[in-house]
Ligand code: HEA
Ligand code: HEA
Ligand code: CUA
Ligand SMILES: [Cu+2]
């Protein structure tokens, strides 16, 4: 880069403007809050990952190599709860979104900075409640909290876990609210809707889901709590309540929630693919609108989790049809990303490797979603490892890959330092290989009939399970490597400069790390997003 | 001045209308209209809510965006209630008869109502 | 299949083959798109790799016809898959006439199965080959899920309601029976075995089995014990002979079909639906009869209307 | 909403007051959208169960006291009026009127909650209509009646909780108004709190017919 790289130490920026714990815990700077989230969710990820490691260890032997079934149940419950509510849902929105939404639209901060800080505190309070549930003996509901098991039959720490998720939900709501208001009201002059980077479209769509979906989860969990505490049984069959109503309300949120996890990743991928191919996105408006379409349709399909639950088969048919509909916008995105590579100038730095990994693995995971949306096939594979394979392909292979890609891409912006690219590429490769070895066998296990949430299983499934466990150990190592070199880079990494990748977008115009006010003066936007064709130096 | 200042008179008019509608809905409940009781009660409630939203909450003078927010909330609520009820009220239709043509059951029809409701499957 | 490394479980029911065919079709779609995406990416990645930092690739905004094509093709495919999957599903959820009926009660963490002849089994199910079997299922506590992978069937077993499932085994042998819905601590131990036998063997097994009375006989006994007869048969309550499977007129003018769920409800919550022309005097038997006894009572009431009990699923 | 308490009317992230004002009310409307969905879960459940268990729900509904319900509706409507007038006072920079209306609104809110608590819930509890705590109703359709009361307590309870939160917000505003914090340039906090208060009123406008009236009173 031609721009003289000023060392991060010599300038005042958001990281060194103030020191001390207090300056962090009371900050209202969106960038600092993003860092707070980054630290906390990394912590949660490794707690959830440790639970997964123990689970995989246990499944090496048909009779359970490590723990009692009761303990195993607690492991997958806490794994699911932490990974979904405390890692994946806040991951990209609360870390990258917080950091980037104001920067990408050229604003000084989010619309409600204090609310933003409050969100983090709420999130941590929820996390603390869940961790308390773990320490005080665990919770074994599964992440789905199905009644009447959760309300009447379990005596583990259901209350504190459910309360934790309930509380964390408000953090998610408030973050989404903040983003929507910010994107609507605070765009820099010239930043029209169709000049916004696709990451913002994705964040916008995600926020819609967070705002309209999460409250339903909140009230549902509150009802579970009421039923547990006071036997005010709205789902209790003993008074004519219907446990299937619980499932409706739960999945009304939790299906859209899976798009809270994937849409932001999709946004990240749009940024990465364009930058490392030096190309405009192929079909900007198709990619943009497909995000909104996914968000809207995602609210119409929740019943596909309940095909064999005793739900009316007519409802099943409707939900099946709508589930196929939601696959179409995803397909549009995949094809447009691929087409963006056409005649590009493609370089293979680490973020791009993650992006390509995302496209491949998301395709494989998404296509197995079609199996599940097919009534007759889902009847066979529902609640088997096929489902587990499906969602890990999308969530670990897709969403986590996208998250890691995004972290690598914006790391120089966040910290002002570069990480060693060679190590990063190695880690990406290890993760890709380990991932496939872990989760591909699970598809086969699933079709063969191995049920999920099984601590012990018939011996004929052992071979595939051992393969999966072996893959998980590789995957675990793969995740530890970035942790090490990222920490290393904080101190020893080369100074990055404002725009190490030659990328477009407002966030790259300001120094790395950015000053507290983000921009020296409010930028004026005169170009479409991803104006890679334009001459170097032109603002864009 | 940032927002619209509404004349006091309007507030009092709306207030009066709301009280009148409350009296109306209460008294209608004492008249046997069959199914229409529910419909009347809910219609009146919707009218009252509309008045509050438009005038007390200034939606009449707000930007289009705020209306879109409100309408999408209502739309989503309709989705939640609508699709959930599809399940409950079509359960009585199962089992699908052995062949579509030779259906001997007097179904489908509105499911019978009563304690513990429809024959569910 | 390939013994050492199977890719699908045994095809042991009339349903299995159809599901597998659809599954293969989906795999074909899956492979096709995966191949298209992967190969294109690989090709572009090599062909258009960055050769110099200064390179300025041509900018392409998009291409509407192309967008339409790659929207239409997946759309067409999913419509096919949807129609195929749905018609199969409808067929698979419609029990044939004259299926033999077996009752299933799930509870933490075991399966109790009862044959109409009265034989009871725990975590095991014996059925004859080539004969449709209908399962009527309920749970005593939490939600369970009755799943036999070799038959490609599965259905949740829900407290407070009856769910049904049917299959026709085509192969003798032993197959896994799993509880697929997480139901608490020993969920993974709530397993059993389905044994499919030749009809003659099955008859032998039936007669050899520890037989209590048949479901209907046990029901008749209960009917006696609980003094149902004091009203039903005296005119105080409606006669129950021949009621099963028939439409019943209720006091509010609506009609219901007297199926299993209706009978269950009539015994547990008599006031829910009042038969036209009778006073609501029947007491509830909730708490006095278990789910199993309820099934026996129902079997007995069914046996009072022989042809109906058979003809209707 | 919270950010309008800063020492200058314009918070640093905004360009001008107009933008700040619009952001605040948009934020509140979005928050109300989440509230719609929050109550929506209860309304969905109520719709379904009422249709399944109509007779029992009607019986349950008849056990409630319409007069108290109607009076409480009127109380809430009055409080909405005073709230609207309070916002108007803030817009016009009339500190004294603002203080009066805030106090009136809170007083009416308190009246609502006291009526609910002392005249209704206590009565229901003593009569044995409180599922889980004291439920002794044994007429026909007892189980459905119990279910009705589950909804009754869940819905009115959540609503009352919202009232309490609203009163908390209003008391903060009262202190700020006392200190002369609000003026024509800066009344976002009052306006957004007003939106919230009216919303809670609307929820009751629906709860009243659903719980008390549609059972048919004739
Ligand atoms: C990020 C998370 C995420 C995402 C994005 C998805 C996406 C999809 N999911 Fe998934 N799903 C989960 C997470 C996710 N899912 C989880 C966690 C569960 C289990 C929950 C539990 O029970 O614990 C689950 C369960 C689940 C079920 C229930 C299974 C069961 O329990 O029986 C179903 C059923 O329909 C389903 C379907 C789909 C579909 C159709 C998509 C679609 O959106 C996928 C669309 C993508 C593509 C289709 C790929 C790209 C397209 C192409 C390459 C072009 C070719 C396309 C066509 C031919 C259409 N999912
Ligand atoms: C985004 C969400 C997310 C993520 C990232 C993951 C990541 C992983 N998951 Fe998770 N999973 C879920 C979401 C997720 N999962 C959900 C929602 C469920 C359903 C829960 C339920 O049924 O209720 C589930 C269930 C689930 C199961 C099924 C359990 C069952 O049904 O019986 C399995 C089994 O293999 C599994 C494995 C893994 C593995 C190996 C990883 C790996 O990717 C993790 C790799 C990371 C590490 C391994 C951590 C790093 C390494 C260390 C910290 C080393 C130190 C280790 C030790 C000291 C032991 N998961
Ligand atoms: Cu029973 Cu799982
Ligand atoms: Cu889903």
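Chains as they are written, first to last, in the numbering used here: chain U, 1 to 540; chain C, 1001 to 1121; chain E, 2001 to 2313; chain Y, 3001 to 3218.
Just so it is clear, CB atoms sit at the ideal spot from N, CA and C, and this is done for glycine as well.
Under the three-state DSSP convention, the category residue i falls into
i	result
residue 2122 of chain E	strand
residue 541 of chain U	In this structure chain U extends from 1 to 540, so residue 541 of chain U is not present and cannot be described.
residue 3171 of chain Y	helix
residue 346 of chain U	strand
residue 2174 of chain E	strand
residue 417 of chain U	strand
residue 1084 of chain C	helix
residue 549 of chain U	Outside the displayed range of chain U (1 to 540) lies residue 549 of chain U, so it cannot be described from this structure.
residue 210 of chain U	helix
Contact list for residue i against chain Y, beta-carbon separation under 8 Å
i	result
residue 2280 of chain E	3140
residue 1061 of chain C	Neighbours of residue 1061 of chain C on chain Y: none; closest Cβ ~11 Å, over 8 Å.
Residue i: contacting residues in chain Y (beta-carbon distance under 7 Å)
i	result
residue 2271 of chain E	3140, 3141
residue 1025 of chain C	3209, 3213
Closer than 9 Å at the beta carbon, the chain Y residues around residue i
i	result
residue 1090 of chain C	Neighbours of residue 1090 of chain C on chain Y: none; closest Cβ ~12 Å, over 9 Å.
residue 1029 of chain C	3066, 3209, 3212, 3213, 3214, 3215, 3216, 3217, 3218
Proximal residues of chain U, C-beta to C-beta of residue i below 7 Å
i	result
residue 3045 of chain Y	234, 245
residue 3033 of chain Y	211, 212
residue 3226 of chain Y	There is simply no residue 3226 of chain Y to check, as chain Y begins at 3001 and stops at 3218 in what is shown.
residue 2033 of chain E	363, 367
Chain-ordered chain U contacts of residue i [CB-CB under 8 Å]
i	result
residue 1073 of chain C	212
residue 1079 of chain C	299, 300
Straight-line gap, residue i to residue j (C-alpha atoms, nearest Å)
i	j	result
residue 3058 of chain Y	residue 3142 of chain Y	11 Å
residue 2046 of chain E	residue 347 of chain U	10 Å
residue 37 of chain U	residue 44 of chain U	10 Å
residue 2208 of chain E	residue 2007 of chain E	37 Å
residue 2136 of chain E	residue 2095 of chain E	11 Å
residue 172 of chain U	residue 3039 of chain Y	18 Å
residue 3152 of chain Y	residue 3083 of chain Y	27 Å
residue 2140 of chain E	residue 3066 of chain Y	40 Å
residue 233 of chain U	residue 146 of chain U	14 Å
residue 2318 of chain E	residue 2124 of chain E	Absent from the model: residue 2318 of chain E. The displayed extent of chain E is 2001 to 2313, so no value can be given.
residue 2200 of chain E	residue 2165 of chain E	24 Å
Inter-residue CB distance, residue i and residue j (contact presumed, cutoff 8 Å)
i	j	result
residue 359 of chain U	residue 334 of chain U	6 Å
residue 11 of chain U	residue 24 of chain U	Not really, about 19 Å apart at Cβ, beyond 8 Å.
residue 479 of chain U	residue 433 of chain U	About 13 Å separates the two Cβ atoms, so there is no contact after all.
Contact test: residue i Cβ vs ligand 5 heavy atom, cutoff 6 Å
i	result
residue 193 of chain U	Judged by which ligands are present, ligand 5 is missing from the structure shown, whose ligands are ligand 1, ligand 2, ligand 3 and ligand 4.
7 Å Cβ cut-off: residues of chain C touching residue i
i	result
residue 3198 of chain Y	1052, 1056, 1057
Contact set between residue i and chain C, taken where Cβ atoms lie within less than 8 Å
i	result
residue 3088 of chain Y	1005, 1006, 1008, 1011
residue 3085 of chain Y	1008, 1011
ask   = Residues in the stretch 198-227 of chain U with C-beta within 7 Å of chain C's C-beta atoms, listed in sequence order?
value = So the list reads 212, 216, given in the order they occur along the chain.
query = At a Cβ cut of 7 Å, what residues of the stretch 80-94 of chain U count as close to chain C, listed as they run along the chain?
reply = none
query = Got a sec: which bits of the stretch 1042-1057 of chain C sit with their beta carbon under 9 Å from any beta carbon on chain Y, in order along the chain?
reply = 1042, 1044, 1045, 1046, 1048, 1049, 1052, 1053, 1055, 1056, 1057
query = Closer than 9 Å, Cβ to any Cβ of chain Y: which residues of the stretch 93-110 of chain U, in chain order?
reply = 102, 107, 108, 109, 110
Interfacial residues, the stretch 3007-3029 of chain Y to chain U, with Cβ spacing under 7 Å = 3012, 3013, 3019, 3022, 3023, 3026, 3027
inquiry  = Give me the subset of the stretch 154-179 of chain U whose CB atoms are less than 7 Å from a CB atom of chain Y, sorted by chain position.
reply    = 173, 177
inquiry  = Give me the subset of the stretch 412-427 of chain U whose CB atoms are less than 7 Å from a CB atom of chain E, sorted by chain position.
reply    = The stretch 412-427 of chain U vs chain E, Cβ under 7 Å: nothing.
inquiry  = By the 8 Å beta-carbon criterion, what residues does the stretch 3125-3138 of chain Y contribute toward chain U?
reply    = Within the stretch 3125-3138 of chain Y, the residues whose Cβ lies closer than 8 Å to some Cβ of chain U are 3131, 3132, 3133, listed in chain order.
key: Interfacial residues, the stretch 429-451 of chain U to chain E, with Cβ spacing under 8 Å   = 444, 447, 448, 449, 451
Proximal residues, the stretch 310-321 of chain U versus chain C, C-beta separation under 9 Å = 310, 311, 312, 313, 314, 315, 316, 318, 319
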